[in-house]
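>
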């Protein structure tokens, strides 16, 4: 599927589902897409290694916990993305929210993903919470499914150019692929 029809399909499905912000969610992440060279890419960041932080060193989406000053979870997504990456999402098109997901690491934590599209790759300035960022083509993720070992168990993951994308990030991306494959 070409990029524009792919984006239009995702947008139509998300908007027709009328997914609401999940009031039980405590955090929000931004799934930011761009098109370059006819390819749809998604932004992933690598979290800094921090003792005691459950997502230390993981590939993830920009985002974090809701602050008391955030009027809603969309505001959390905007604020956290700005703080972590320097990206101002007001310059991007809002696609909409996906259903919130519960963390398996912290089961009481529900995270609401919000999808955005920027016409051009935005300038980025990473804060101390992140050590790298990557624009990854969706088609490369789609063919890189595998398994990785996390502690004593094996879990589904994308294995891409030495990067392992698993857990919540994997589950959120799978929801996007479900939409693209008509499995909503």
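Numbering (the numbering used here), first residue to last: 17 to 200. Even glycine gets a Cβ: it sits at the ideal position worked out from N, Cα and C.
According to the neighbour-count rule (16 or more other Cβ atoms, all chains shown, within 10 Å of its Cβ), is residue 20 buried or exposed?
Residue 20 comes out exposed.
> Distance check for residue 129 and residue 102, CA to CA, integer angstroms please.
When rounded, the distance between both Cα atoms is 18 Å.
> Does the stretch 147–159 come into contact with the stretch 41–58, if we say contact requires no fewer than three beta-carbon pairs (one atom in each stretch) closer than 8 Å?
Touching, yes, given that three or more Cβ pairs across the two stretches are closer than 8 Å.
> Where does residue 192 fall in DSSP's three states?
Reduced to three states, the DSSP call for residue 192 is helix.
> List the residues that DSSP assigns as beta-bridge partners of residue 150.
Answer is 60.
> Just list the residues that DSSP pairs residue 44 with in beta bridges.
Note: residue 44 sits in a beta bridge opposite 80 and 128.
> Tell me the residue span of the alpha helix (DSSP H) that contains residue 66.
No alpha helix (DSSP H) contains residue 66, which DSSP labels as neither H nor E.
> Terminal residues of the continuous alpha helix (DSSP H) containing residue 89?
Counting along the chain, the alpha helix (DSSP H) containing residue 89 begins and ends at 89–101.
> With a threshold of 8 Å on Cβ separation, who are the neighbours of residue 185 within its own chain once the five nearest residues in sequence on each side are excluded?
Answer for residue 185: 60, 74, 75, 76 and 77, listed in chain order.
> Considering only residues of the same chain and omitting the five flanking positions on each side of residue 31, which have a CB-CB separation below 7 Å?
Cβ neighbours of residue 31 beyond the five flanking positions: 112.
> What's the call for residue 41, buried or exposed, on a 16-neighbour Cβ count within 10 Å?
So residue 41 counts as buried.
> For residue 26, count neighbouring Cβ atoms within 10 angstroms of its own Cβ and tell me buried if that reaches 16, exposed if not.
By the 10 Å Cβ count, residue 26 comes out buried.
> Whose CA, out of 85, 96 and 121, lies closest to the CA of residue 166?
Looking at the Cα atoms, 121 is the closest of the given residues.
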